[in-house]
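Numbering (the working numbering), first residue to last: 23 to 596.
Below is one structure; the comments refer to it alone.
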DNA sequence: GGCACCGCTGCCGTTTTTTCAGGAAAAAA
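Listed below in structure tokens is the structure:
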């Protein structure tokens with residue numbers, strides 16, 4: 023057994039204990055040990071042989087003995103006993119949002135159903151509503167949840183931030199594969215929020231060895247197709263990866279074709295055809311002179327078509343080719359344009375760092391200002407600030423600002439928009455703040471009309487500066503709220519409110535489409551990280567690229583303003 | 001069950017609201 027297999031058994035045991043209603047700290051200990059064994063660099067068998075099992079964090083006497091049993095016999099008596107009690111298939115049922123531990127067990131024991139499919143069938147046949155404590159509405163909820171879950175199961179795409187991890191892992195392995203060059207292409211390079219394939223393009227004078235090296239890397243779960251210059255594999259992260267070796271003299275053409283998107287390439291090929299050029303992954307040929315051309319860089323290829331260089335984020339077939347032909351591409355926002363961050367948490371609520379440390383980190387990024395926007399009182403789970411604590415925080419920020427030069431900490435709050443659209447803090451408190459980010463955190467499932475009215479009401483408050491994570495979506499996890507974004511954008515524009523592009527990688531909310539709509543409508547956006555620790559301030563990178571996907575120019579992004587410019591903006595609103 | 005810091009131990013992520021049903025589970029950062 024290797025580390026991964028041992029870790030899987032430990033994790034399974036933890037879940038079975040959870041089903042049994044075992045002490046949560048006990049099962050957490052198993053879960054932690056699983057995590058630790060799975061991620062440790064040294065081989066678990068070596069550790070055992072050398073008597074160093076307990077040097078692994080989270081492995082003590084009992085778990086150490088259990089691992090020893092596993093390695094000696096390939097099984098664990100404790101695991102076997104637990105499995106007899108409850109079938110591990112129930113894990114998947116509990117993975118369905120809306121079905122918890124108790125419900126899963128209750129239904130399993132009463133009806134003898136085990137798999138997700140069986141639960142679904144039982145709900146369809148109205149067998150669940152007959153159980154004590156469950157009724158027709160819970161039954162319907164279970165059915166809906168399972169259907170949503172199953173739809174998600176067929177989803178092979180993963181969120182960008184996870185694909186980024188896979189991509190850098192691929193590049194890391196490829197360092198040992200005798201390559202002269204290797205770069206990420208595909209939808210990861212375009213910063214698409216959901217990714218189904220990680221593309222790597224490389225150059226090597228030993229192609230066969232390089233391809234084999236990639237296919238045999240630990241990244242690969244199954245090799246799908248392998249040819250002389252190209253390999254496609256299923257990775258161990260539920261996403262495919264493609265590695266292609268190309269002619270270095272034609273690097274530019276290959277990068278364009280391997281970056282996509284399909285729609286962009288369609289537009290591009292058509293545009294080229296109109297100019298009498300035959301363009302494909304195979305090459306570039308003048309249809310009249312029959313001359314072939316190669317391009318070492320993408321810029322040269324676009325230039326040969328009389329096009330402006332089109333940045334990868336714009337290559338979605340949204341009219342960028344036409345715009346590039348007219349030299350009318352937007353002057354896209356860049357990372358270096360960002361002068362501050364309006365949505366950052368400190369350890370006053372659920373952040374990890376002190377205000378001072380956040381300020382220092384932000385200044386080290388070259389920012390001029392940062393707004394501390396901790397949660398407001400009703401969001402108790404995030405340790406939201408009461409009015410009194412918020413006032414204390416404001417005082418502390420004032421004192422901190424007295425010691426800072428060329429940098430300002432703005433006083434803010436991420437104030438909850440309550441279910442009726444009122445704000446979680448009274449107006450006289452909001453008025454004292456520099457920045458008010460208003461966000462929805464509760465009752466996300468309201469009907470379209472209700473949720474839209476609610477947000478509109480918040481945007482009509484004169485004290486709100488920014489609408490935080492406007493749709494509440496979690497990539498690969500939660501659907502956006504059923505809000506009428508068209509109307510919200512209009513109201514924001516009319517009332518001089520700013521729409522946030524929350525750069526937290528699992529959110530990226532506004533979506534690129536909505537950024538585009540907002541920019542077209544003339545509304546302002548701000549790109550904020552929602553950082554809860556210092557390193558998360560770097561999430562700005564995701565935000566900027568997403569804004570570029572929405573064609574956002576610098577002058578539509580609030581946090582490109584200098585501090586003085588920002589003050590003018592804020593005072594103009596009063 | 002593991003661990004840190006001394007013990008005959010106590011902590012490990014928390015708390016309130018919503019929802020469906022009539023007490024209990026799930027969701028929010």
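Note that beta-carbon positions come from the ideal geometry of N, C-alpha and C, so glycine has one too.
### Query
Straight-line CA distance for residue 210 to residue 335?
10 angstroms
In this structure, does DSSP put residue 533 in helix, strand or coil?
-> coil
**Prompt:** With which residues is residue 23 paired in a DSSP beta bridge?
**Reply:** Partner(s): none; residue 23 has no beta bridge.
Item to complete: Just list the alpha helix (DSSP H) runs in the stretch 479-553, keeping only unbroken ones of 4 residues or longer that don't cross its boundaries, in chain order.
Response: 507-517, 534-543
Quiz item: Are residue 256 and residue 293 close, meaning C-beta to C-beta below 7 angstroms?
Solution: no
**Message:** If you measure between the beta carbons of residue 351 and residue 338, is that distance less than 7 angstroms?
**Reply:** no
Suppose contacts are defined by Cβ-Cβ distances below 7 angstroms. Is residue 252 in contact with residue 266 by that definition? yes
So residue 300 is in the beta strand (DSSP E); what residue range does that whole segment cover?
299-302
Query raised in the report: Under 7 angstroms between the Cβ atoms of residue 567 and residue 213?
Result: yes
Could you tell me the boundaries of the beta strand (DSSP E) in which residue 393 lies?
391-397
- Query: What span of residues does the alpha helix (DSSP H) with residue 285 cover, start to end?
  - Reply: 284-296
Completely contained beta strand (DSSP E) runs for the stretch 199-231, where each covers 3 or more residues:
203-207, 219-225
Measure the C-alpha to C-alpha separation of residue 56 and residue 34 and round it to an integer number of angstroms. 9 angstroms
**Item:** Close Cβ partners of residue 248 (< 7 angstroms) along its chain, the five nearest in sequence each way excluded
**Value:** 233, 237
- [ ] Figure out for me which residue from 291, 413, 430 has the closest Cα to the Cα of residue 327.
- [x] 291
| message | Going by DSSP in three states, residue 625 sits in which element: helix, strand or coil? | response | In this structure the chain extends from 23 to 596, so residue 625 is not present and cannot be described.
Range covered by the alpha helix (DSSP H) that runs through residue 436: Note, residue 436: premise wrong, no alpha helix (DSSP H); beta strand (DSSP E) at 430-438.
key: Range of the contiguous alpha helix (DSSP H) that encloses residue 141   = 138-146
By the 10 Å Cβ neighbour count, where 16 or more other Cβ atoms means buried, how is residue 448 classified, buried or exposed?
exposed
- Query: What residue range is occupied by the uninterrupted beta strand (DSSP E) comprising residue 244?
  - Reply: 242-248
*asked:* I need the straight-line Cα distance from residue 215 to residue 183, nearest angstrom please.
replied: 8 angstroms
Any chance the stretch 393-412 sits against the stretch 362-374, with 3 or more Cβ pairs inside 8 angstroms? yes
Residue range of the unbroken alpha helix (DSSP H) whose run includes residue 308 = Note, residue 308: premise wrong, no alpha helix (DSSP H); beta strand (DSSP E) at 305-308.
Practice problem: Using beta-carbon positions only, say whether residue 167 and residue 135 come within less than 7 angstroms of one another. | Solution: no
Item to complete: Within 10 angstroms of the Cβ of residue 190, are there 16 or more other Cβ atoms? Answer buried if so, exposed if not.
Response: exposed
Residue 200 versus 113, 49, 32, 228, residue with shortest Cα-Cα distance: 228
Original post:
By the 10 Å Cβ neighbour count, where 16 or more other Cβ atoms means buried, how is residue 178 classified, buried or exposed?
Top reply: exposed
query: Between which two residues does the beta strand (DSSP E) harbouring residue 461 extend?
result: 457-461
Using a Cβ-Cβ cut-off of 8 angstroms (strictly less than) and excluding sequence neighbours within five positions of residue 271, which residues of its own chain qualify? 316, 318
Subject >> Contact set for residue 88: own chain, Cβ-Cβ below 7 angstroms, skip 5 residues either direction >> reply: 98, 100
Just how far apart, CA to CA, sit residue 74 and residue 51? 19 angstroms
Would you kindly work out how many angstroms separate the C-alpha atoms of residue 502 and residue 463, rounded to a whole number?
12 angstroms
In three-state terms, what does DSSP make of residue 350? coil
Inset, instruction - Specify whether the stretch 402-412 and the stretch 572-585 touch according to this definition: at least 3 beta carbon pairs, one from each stretch, less than 8 angstroms apart. - result: no
### Message
Just verifying my parser: in three-state terms, what is the DSSP assignment at residue 60?
### Response
helix
Under 8 angstroms: do the stretch 458-473 and the stretch 418-429 share three or more Cβ pairs, one atom per stretch?
no
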